[in-house]
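One structure below.
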Amino acid sequence: MLPDFSFFNAVTMPSQGIIYDWEALSSNQNYYDAANLSYTADFYSCARHIMTFPLILRFEKPLQFNLSVSYQYDFAEYASRTAQDVPGSPSDRKMNQVFSNWFVDIFYPLPFNFSVVASAGFSSARSNMKYEKIYRYNYDAWSLLAGLRYEY
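In my numbering, the protein residues as written are 74 to 225.
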């Protein structure tokens with residue numbers, strides 16, 4: 074059962090609860106590392122486990138608007154790609170990545186199926202891949218969006 078937010082003149086909207094996705098990504102793209110003289114088949118093949126925890130609140134007074142807050146945990150483990158240390162030496166461990174994402178969205182309804190939207194997101198990526206000369210695997214990112222939405 075979701076918490077009672079009636080103190081804030083808010084009603085908890087029915088949502089899908091905890092959402093779990095499992096993805097198996099298959100790739101036929103290969104990679105050759107000339108510096109280490111190593112070949113990796115199916116370089117982008119991985120399994121991903123994604124869990125999303127959404128919460129949607131509808132505020133009634135004084136203004137009617139919806140507030141959506143969600144957290145997403147995403148773990149990806151590559152089938153044949155190995156992690157590397159900072160200088161680029163390969164290890165015996167498979168490469169993995171963990172993404173932590175927070176999203177906040179505000180929707181204010183307007184007439185004729187329009188609404189004003191404001192969104193913010195924060196993403197954090199962490200990996201056991203420490204070699205980042207070509208591509209960054211460990212980073213933080215923010216996003217902001219404001220606009221007008223039409224639903225049909």
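Every residue, glycine too, gets a C-beta built ideally from N, C-alpha and C.
**Asked** Where do the ends of the beta strand (DSSP E) carrying Pro123 lie?
**Response** Note on residue identity: the sequence assigns Ile, not Pro, to residue 123. In the DSSP annotation of this structure, the continuous segment of the beta strand (DSSP E) that includes Ile123 starts and ends at Cys119 to Phe132.
**Request:** Assign Arg154 to one of three DSSP states: helix, strand, or coil.
**Result:** Reduced to three states, the DSSP call for Arg154 is strand.
**Message:** From the DSSP secondary-structure annotation, give me the bridge partner or partners of Ser99.
**Reply:** Answer by DSSP bridge pairing: none, since Ser99 is not bridged.
**Request:** Could you name the residues of the same chain whose beta carbon sits closer than 6 Å to that of Asp147, not counting the 5 residues immediately before and after it, in chain order?
**Result:** In its chain, beyond the 5 residues on either side, Ile123 and Phe172 have a beta carbon closer than 6 Å to the beta carbon of Asp147.
**Proximity below 8 Å, CB of Asn169 to CB of Asn201** = Taking 8 Å as the Cβ cut-off, Asn169 and Asn201 qualify as a contacting pair.
**Same chain, Cβ closer than 8 Å to Ser111, neighbours up to 5 away in sequence not counted** = Once the five neighbours on either side are set aside, the close Cβ partners of Ser111 are Tyr105 and Pro163.
**Request:** Look at the Cβ atom of Ala152, then the Cβ atom of Cys119, and state whether they are nearer than 8 Å.
**Result:** Yes; because the gap between Cβ atoms is below 8 Å, this pair is in contact.
**Prompt:** By the 10 Å Cβ neighbour count, where 16 or more other Cβ atoms means buried, how is Ile91 classified, buried or exposed?
**Reply:** Residue environment: Ile91 is assigned as exposed (fewer than 16 neighbouring CB atoms within 10 Å of its CB, all protein chains considered).
**Message:** I believe Leu183 touches Val190 by the beta-carbon criterion, under 8 Å. Please report the beta-carbon distance rounded to the nearest angstrom.
**Reply:** Taking C-beta atoms under 8 Å as the contact rule, Leu183 and Val190 fail to qualify, at a distance of about 11 Å.
**Prompt:** In chain order, what residues of the same chain have a beta carbon less than 6 Å from the beta carbon of Phe195, not counting five sequence neighbours either side?
**Reply:** Answer for Phe195: Trp175 and Trp215, listed in chain order.
**Separation of Glu150 from Asn109, as counted between CA atoms** = Each residue's Cα considered, the two are about 22 Å apart.
**Prompt:** Quick one: what's got a C-beta closer than 7 Å to Tyr223's C-beta in the same chain, skipping five residues either side?
**Reply:** Answer for Tyr223: Asn186 and Phe187, listed in chain order.
**Prompt:** Do the CB positions of Lys203 and Asp165 come within less than 8 Å of each other?
**Reply:** Taking 8 Å as the Cβ cut-off, Lys203 and Asp165 do not qualify as a contacting pair.
**Asked** Can you list, in chain order, the residues of its chain whose CB lies under 7 Å from that of Pro135, leaving out five sequence neighbours each side?
**Response** Once the five neighbours on either side are set aside, Pro135 has no close Cβ partner at all.
**Asked** Does the separation of the CB atoms of Thr113 and Gln145 fall below 8 Å?
**Response** With contacts defined by Cβ atoms closer than 8 Å, Thr113 and Gln145 do not form a contacting pair.
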